[in-house]
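The sequence shown begins at 0 in numbering that gives the first Met the number 0 and counts up one residue at a time. Structure, as structure tokens:
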Amino acid sequence: MNKKDWDEMSFQEWGKIFPPFRPLNFDLIILDKIVSRLDRSHTLRKIAVLGSTPELRDIVGHRVLLDHGLEVKVVDQSKKMYCQMNQLRSFQSNESFVQSDWINFFSKQRSSLDLIIGDLTLRVLENDYLNRFIRAARLSLVSSGYLLLRVHFKQSQKKVFKSIQSIFYAYEHSLLSIEKASSILFFLFSSLIEDKTEAVVLASRLEIFKNGINSKSHRLLIEYFINRYSHMPFVFYERSEEEINCLFKKTFKHVIKIDSPCQFIKTSILLQQKL
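Printed below as a string of structure tokens:
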């Protein structure tokens with residue numbers, strides 16, 4: 000996703016997006032516990048936050064309040080997005096903003112970062128960039144430094160369609176609001192592809208959901224979904240758990256994997272340590 004895409008998105012739009020596109024409360028609790036534990040056991044001195052996600056900046060910001068020697072850099076291509084996300088933070092903390100793509104940033108941080116943290120970072124990186132990203136991230140970390148990510152794993156189409164049916168049912172029986180149901184559909188949508196290397200361009204494919212929908216409530220949900228998300232400038236790259244594990248196995252050691260309690264989508268918290 001490029002700088003122009005992020006610049007086109009306002010903080011009002013981001014504030015209307017629900018989990019799992021944004022972290023669940025469960026995810027935030029786990030992330031906070033991991034960062035706190037790493038800080039206690041390894042004395043974190045320099046942390047890079049990938050992207051302007053306000054929830055991650057709050058988690059790291061709590062550590063800054065406890066340790067004024069901790070240096071935090073928020074790395075984003077869009078300064079506009081960074082400034083807008085400030086309005087969604089729970090509190091303000093001492094951090095510095097670096098306007099850069101992540102690989103260029105890493106190249107200037109050789110063996111200096113204790114922790115890199117990101118939310119759904121891998122999902123917006125095309126394959127060639129992702130391989131270079133992992134190598135560059137490793138080189139930017141201190142010996143035994145950590146990479147902490149929330150990741151989404153691609154599932155089979157059978158599981159995806161089953162989840163979509165469950166969302167329709169939950170919405171029809173008032174178990175999910177139309178906003179939350181459409182947000183989860185938005186997340187699931189990008190798994191409906193045949194080619195594992197294919198980028199999913201949301202705006203060009205939304206109409207497939209209209210086909211074969213006869214239920215009035217279902218069509219209402221789909222129409223809301225299309226109107227709500229068709230203009231958003233997102234491109235996603237879907238990968239299975241096996242593919243992601245394979246990407247990391249030569250350069251990082253797996254430390255922690257905790258699955259999020261979402262019945263519709265498979266997301267996990269991954270903590271990897273530099274080899």
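Note that the Cβ used here is the ideal one computed from N, Cα and C, for glycine as well. For clarity, every value in this text was computed on a predicted model and none was experimentally measured.
Cβ distance (whole Å) where residue i is taken to contact residue j below 8 Å
| i | j | result |
| --- | --- | --- |
| Arg149 | Asp26 | 6 Å |
| Ile115 | Ala47 | 5 Å |
| Ile243 | Phe152 | 7 Å |
| Tyr168 | Leu220 | That belief does not hold up - the Cβ atoms of Tyr168 and Leu220 are roughly 11 Å apart, past 8 Å. |
| Leu270 | Leu147 | 5 Å |
| Leu54 | Tyr236 | One detail in the question is off: residue 54 reads as Glu in this sequence, not Leu. The Cβ separation is near 22 Å, so there is no contact. |
| Ser181 | Tyr223 | 5 Å |
| Gly144 | Lys273 | 5 Å |
| Gln76 | Asp100 | 6 Å |
| Ile102 | Ala135 | 5 Å |
Distance between residue j and residue i (C-alpha atoms, nearest Å)
| i | j | result |
| --- | --- | --- |
| Lys78 | Gln98 | 6 Å |
| Ser203 | Leu174 | Confidence in Ser203 is poor, its pLDDT being 49 and thus under 50, which makes the residue's placement unreliable; the coordinate value appears in the next sentence. So the two alpha carbons sit approximately 29 Å from each other. |
| Asp31 | Ile58 | 6 Å |
| Leu43 | Ile16 | 31 Å |
| His67 | Phe251 | 29 Å |
| Lys256 | Ser216 | 37 Å |
| Gln156 | Ser267 | 19 Å |
| Arg131 | Ser214 | 46 Å |
| His172 | Tyr228 | 23 Å |
| Ser40 | Ser165 | 42 Å |
| Val254 | Leu138 | 18 Å |
| Asn226 | Glu240 | 31 Å |
Beta-carbon spacing of residue i, residue j below 8 Å
| i | j | result |
| --- | --- | --- |
| Phe263 | Phe20 | no |
| Lys107 | Glu70 | no |
| Ser51 | Met84 | yes |
| Leu140 | Leu119 | no |
| Ser95 | Lys72 | yes |
| Arg36 | Arg88 | no |
| Gln86 | Lys265 | no |
Per-residue burial, residue i [other beta carbons within 10 Å of its own, 16 or more giving buried]
| i | result |
| --- | --- |
| Ile28 | exposed |
| Gly60 | buried |
| Glu197 | Note that Glu197 scores a pLDDT of 44, beneath 50, so its modelled location is shaky and nothing firm can be said. |
| Leu49 | buried |
| Pro22 | buried |
| Arg62 | buried |
| Pro260 | exposed |
| Arg238 | buried |
>> In chain order, what are the residue ranges of uninterrupted alpha helix (DSSP H) at least 4 long that sit wholly in the segment 81–135?
In response: 101–106
>> Which runs of the beta strand (DSSP E) at least 3 residues long sit entirely within the segment 38–66? Give them in chain order.
In response: 45–49
> Can you list, in chain order, the stretches of the beta strand (DSSP E) that have 3 or more residues and sit fully within the segment 225–251?
Replying inline: 234–236
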